[in-house]
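Pasting the structure below:
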C-alpha cells in the first residue's frame, strides 16, 4: 500500500513536471517570437532604427529653439534690457 | 436746456462711460495676454542675480523683450505675447547653464527656473585634410522632457570653440559653407572636469529632391540624410516646401534619405544612394490608415507614445501621444 502510494505520487509528480516543462517551453517560444519577430514585424535592427528616429524627431522639433538663439545673436537691445 | 444741448450732453456722458469702462478692459486684456514673471534659482535654491532673461514669441520665433534678474533672482516682463517662452542666460561667472522655460501650455503662472552646473566643452573641427575649419557652428542640445538647443558657438581660426554643456548632451557641428553639412555626437557624457570633442567635416554637395504623395507634391515633410552605417553621420535635415521640394547635403559615401510626415498622415519613405545622384531624388509617400491604440493598466488609460513600423520602407512613423 505504501509502495503504491509512492508510485502514484511519483507518477503525478512526473506528469506535473512534464506539463510544467511543456507549458514553460510554450511560454519561452512566445517570448522568443516577440524578441525576433515574425516576418513583417520590426526586426532587431529596427530597435536601433527607432533610437535614431526618436533622436531625429526630437532634435528636429528643437529647431525652433535654435532659431530663437540665432535671433538673440542678431537682436538689437530690446525694451527692458537694462532691467 | 435745448434738445440739441441735451443730446450733446448725453453723447458726452456715453463717451465718458465707454472710455472709463474700456480703459480697465484694455489693461486687463494686456495683462491676460501674457505678463510673464518668475524667479531664477541655482541648484541650492538661491536666486541667481543679474542673469539675462529673454521673452520669445514661440509661434513667430521672435524675441519680444529682455530683462535681468534682481539680486533675489526675480524677473518680470511687461509686454504680452501669444506663445511666451522664456530663455535664461546666467552670468558667465556663475558657472551655471542657460535654460529654457517650459512651452506656454505647460508653464505655471509664476515660473521657477532652476539652473544646473555648467561643464566645459571644447570642440575642435577639421576638414578631411586635417586643416582647421573656421566659422563652423557648434550647437549643444539637451534632451529631457523635450529637446532644446542651449548653446551656440562658432569655431575660431584654429577650428576651436569653447562652450558650456550639461552632463549629457547632443553636440552638432555645421559646416560654415553651403550646403552646411552636419556631424553629430549623441548622448555625450561630459564629466565635471570638462571634455574635448573632435569633429571631421568631409566635403558635401547639395542634392535636391521632391516628396510626392497620392495626389501630388507634399509640403511640410521632414527629410533626413544619413551616411549609411555611421553613428555620427547625420548629414542634415530639411522640410519640403510648398512644391514638395527639398535640398540636403550629401557626401560621396553611401547615403540613406528618409522622409517622415510630422502630422502623422503619411507613412515614412526611404531612398538609398551610393553616391550623390545626378538627378533630383523622388520619394513617394503613401497615406496611412487611421489606427487607434489605447494602453490600459488595471483599467486606467495610460498616456503613451505609440510608433508604427512600415516594413516596405523599413522606417518608423512619427510617434503619437
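Protein chains in written order, with my numbering: chain A, 829 to 911; chain B, 1272 to 1592. Ideal Cβ positions, reconstructed from N, Cα and C, are used throughout, including at glycine.
| Asked | Found |
| --- | --- |
| C-beta neighbour in chain A for residue 1325 of chain B, strict 8 Å | yes |
| CB contact flag (residue 1319 of chain B, residue 1367 of chain B, <8 Å) | yes |
| Chain A contact residues for residue 1457 of chain B, given Cβ-Cβ distances below 7 Å | 883 |
| Interfacial residues, the stretch 890–901 of chain A to chain B, with Cβ spacing under 9 Å | 890, 891, 892, 893, 894, 895, 896, 897, 898, 899, 900 and 901 |
| Buried or exposed (CB count within 10 angstroms, at least 16 for buried), residue 1470 of chain B | buried |
| Residues, ordered as in the chain, of the stretch 1397–1420 of chain B that lie near chain A by beta-carbon distance below 8 Å | 1410, 1412, 1414, 1417, 1418, 1419 and 1420 |
| Beta-carbon contacts of residue 1547 of chain B that lie in its chain and below 6 Å, excluding the five residues immediately before and after | 1476, 1478 and 1521 |
| Sheet register partners of residue 1309 of chain B (DSSP bridge) | B/1346 and B/1382 |
| Distance CB(residue 1438 of chain B)-CB(residue 1460 of chain B) smaller than 8 Å | yes |
| Whether residue 1359 of chain B touches residue 1373 of chain B by CB criterion (8 Å) | no |
| Candidates B/1332, B/1339 and B/1343: closest to residue 1356 of chain B by CA position | B/1332 |
| Spatial distance of residue 878 of chain A from residue 1342 of chain B (CA atoms) | 46 Å |
| Residues that residue 1329 of chain B contacts on chain A, provided the C-beta gap is smaller than 8 Å | 892 and 896 |
| Backbone CA spacing between residue 1314 of chain B and residue 1440 of chain B [nearest angstrom] | 19 Å |
| Simplified DSSP assignment, three categories, for residue 1578 of chain B | coil |
| Start and end residues, alpha helix (DSSP H) containing residue 899 of chain A | 891–902 |
| Chain A residues whose Cβ lies nearer than 7 Å to that of residue 1441 of chain B | 887 |
| Neighbour-count burial assignment, residue 873 of chain A, 16 or more Cβ in a 10 Å radius | exposed |
| Burial state of residue 1506 of chain B (16 or more Cβ within 10 Å) | buried |
| Strand pairing of residue 1480 of chain B, partner residues [DSSP] | B/1517 and B/1552 |
| Boundaries (first-last residue) of the beta strand (DSSP E) holding residue 1398 of chain B | 1390–1398 |
| Three-state secondary structure assigned by DSSP to residue 1587 of chain B | strand |
| CB contact below 8 Å: residue 1370 of chain B versus chain A | no |
| Residue-level contact to chain B via CB, residue 838 of chain A, 8 Å cutoff | no |
| Status (buried if at least 16 other CB within 10 Å, exposed otherwise) for residue 1565 of chain B | exposed |
| Ordered list of beta strand (DSSP E) runs contained in the stretch 1444–1477 of chain B, each at least 3 residues | 1453–1460 and 1466–1472 |
| contact_flag[the stretch 1337–1351 of chain B, the stretch 881–899 of chain A] where n(CB pairs < 8 Å) is 3 or more | no |
| Cross-chain neighbours of residue 1432 of chain B in chain A, by beta carbon under 8 Å | Result: empty, since nearest Cβ-Cβ is about 14 Å, beyond 8 Å. |
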